[in-house]
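Each step along the sequence shown adds one to the number in full-length UniProt numbering, with nothing skipped, and position 45 is 45.
Here a beta-carbon is modelled for each residue, glycine too, at the ideal position from N, C-alpha and C.
To keep things clear, I will list the structure first and then write my remarks on it.
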Amino acid sequence: MLASYAIKKQHVALKIIEKEKEMSHKEIKTEAAILRLGRLCPFLIRAYATFQTESLVLYVMEYARGGTLHQLIKQKGYFRSHEVRFYSAEIVVGLQFLQEYGVVHRDLEPENILLNKEGHVKIADFGLACVHEFKGSKAYNGISGASGYMAPEV
Numbered sequence: 001m002l003a004s005y006a007i008k009k010q011h012v013a014l015k016i017i018e019k020e021k022e023m024s025h026k027e028i029k030t031e032a033a034i035l036r037l038g039r040l041c042p043f044l045i046r047a048y049a050t051f052q053t054e055s056l057v058l059y060v061m062e063y064a065r066g067g068t069l070h071q072l073i074k075q076k077g078y079f080r081s082h083e084v085r086f087y088s089a090e091i092v093v094g095l096q097f098l099q100e101y102g103v104v105h106r107d108l109e110p111e112n113i114l115l116n117k118e119g120h121v122k123i124a125d126f127g128l129a130c131v132h133e134f135k136g137s138k139a140y141n142g143i144s145g146a147s148g149y150m151a152p153e154v
């Protein structure tokens, strides 16, 4: 949802999620913490604030005017090799940054890669992400993510 942030006179995106019974306070805090990392890396979507009600979680985030990588792929049909290198490089830098903080995205797909107005990558949607602090955390257990983008051996 698009909103206006009056203080900074800019548009922001609102991500509104209905809380599920299984959704823990820790999961909400984890996603909020990962979103705050966006201020440190130009290839991650940036969050400005997080709010909760009894039934909703609201994230106030940077608005990526360029749409998604998925939309761009559908619009263009294909990318030239220099475009593939450009987007791949920015995605890899963003993922390397996340790795330095122990973050595993677990749902990386073109729909979750946003583009700003200049066409630069903004990795988004950390709802399935986790921070692996020790072996045995959920980063190492189970299967998650979009089936169309999982490794074939999974």
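In terms of Cα proximity to SER24, the closest of GLU54, TYR48, ARG39 and CYS41 is GLU54. In this structure, TYR101 sits away from LEU44, with a CB-CB distance that is not shorter than 8 angstroms. For the pair LEU14 and ALA3, the CB atoms are nearer than the 8 angstroms cut-off. Judged by DSSP in its simplified three-state form, HIS70 adopts helix.
Of the residues TYR48, THR68, ASP107 and LYS26, the one whose Cα lies closest to the Cα of GLU118 is THR68. Following the DSSP letters along the chain, one finds LEU95 inside the alpha helix (DSSP H) bounded by residues 81–100.
Exclusion of the five residues before and after ARG39 leaves ARG46 as the residues of its chain whose Cβ lies within less than 7 angstroms of its Cβ. Nearest to LEU128 by alpha-carbon distance, out of VAL121, ASN116, GLN71 and GLU109, is GLU109. About 30 angstroms separates the beta carbon of GLY77 from that of CYS41, a gap too long to meet the 8 angstroms contact definition. Secondary structure of ILE45 (DSSP, three-state): coil.
For a cut-off of 8 angstroms, the C-beta gap from LEU58 to ILE16 is around 5 angstroms, short enough to register as a contact.
Residue pairing by DSSP puts HIS11 in a beta bridge opposite SER4. One alpha carbon belongs to GLU20, the other to GLU27, and they sit about 11 angstroms apart. A Cβ-Cβ distance of about 13 angstroms is found for the pair PHE97 and LEU35, leaving them out of contact under the 8 angstroms criterion. When the five nearest sequence neighbours on each side are left out, the beta carbons in the same chain lying within less than 7 angstroms of the beta carbon of GLU18 are those of SER55 and LEU56, in order along the chain.
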